[in-house]
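**Q**
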Amino acid sequence: MYIHTCMHACICIHTFIHTYIHTYIHTYMHTYIHTYIHAYVRTYIHTYIHTYIYIHTYMHMHTYVRTYIHTYIHTYIHTHPHTHTHTHTHTHTHTHTHTHTHTHTHTHTHTYIHTYIHTYDTKSTLIVTLETHTLT
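In terms of numbering that gives the first Met the number 0, the sequence shown has 67 at position 68, counting the first letter as 1, and numbering is strictly consecutive.
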C-alpha cells in the first residue's frame, strides 16, 4: 500500500514538473525569445542595415537626385515623428491551490433609545425604553 501510494505521488510530481517545464519554459523560449529574434532583431536588420544600403547607394547618386531624396526623407521624418514598434508576448502559467477557511462571528448589539412622551391630562411624563438586539 505504501509503495503504491509513493508511486502515485512520484507520477504526480513527475507529471507536474514535466508539464511545468514543457509549458512554461518551452513556451517562454518559443514565444518570447523566438519572437524577440523574429520581431526585434529582424526589424533592426531590416530597418538599419537596409537603410544603410539606401544611404550608401544614395551617396553615389547625382546631386539632383540626392537633394530630392534628402528633402523627401527630411519631410517624412518631420511629418511622421512617432514610429513605434511594439512586440508584447505574455505567457502566463498559473497553478493555484487555494484553501480558504472563513469563520465569521458577528455579534451586533444595537441599543435603541426610544423616547416617548405621553401626555396625561396636564402633566408630561418622559418614558425611556432600552431595546437590545443581539445578532449572531
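Think of the CB as a built atom: it goes at the ideal place given N, C-alpha and C, for glycine as much as any other residue. Everything numeric in this text was worked out from a predicted model, so none of it was measured.
Output the distance between the C-alpha atoms of H21 and V40, rounded to the nearest integer angstrom.
**A** Their backbone Cα atoms lie some 26 Å apart in a straight line.
**Q** With distances taken Cα to Cα, identify the nearest neighbour of Y53 among I68, C9, C11.
**A** Comparing Cα positions, the closest option is I68.
**Q** Are there 16 or more other CB atoms within 10 angstroms of the CB of T74, so buried, or fewer, so exposed?
**A** Exposed, since its Cβ has fewer than 16 Cβ neighbours within 10 Å.
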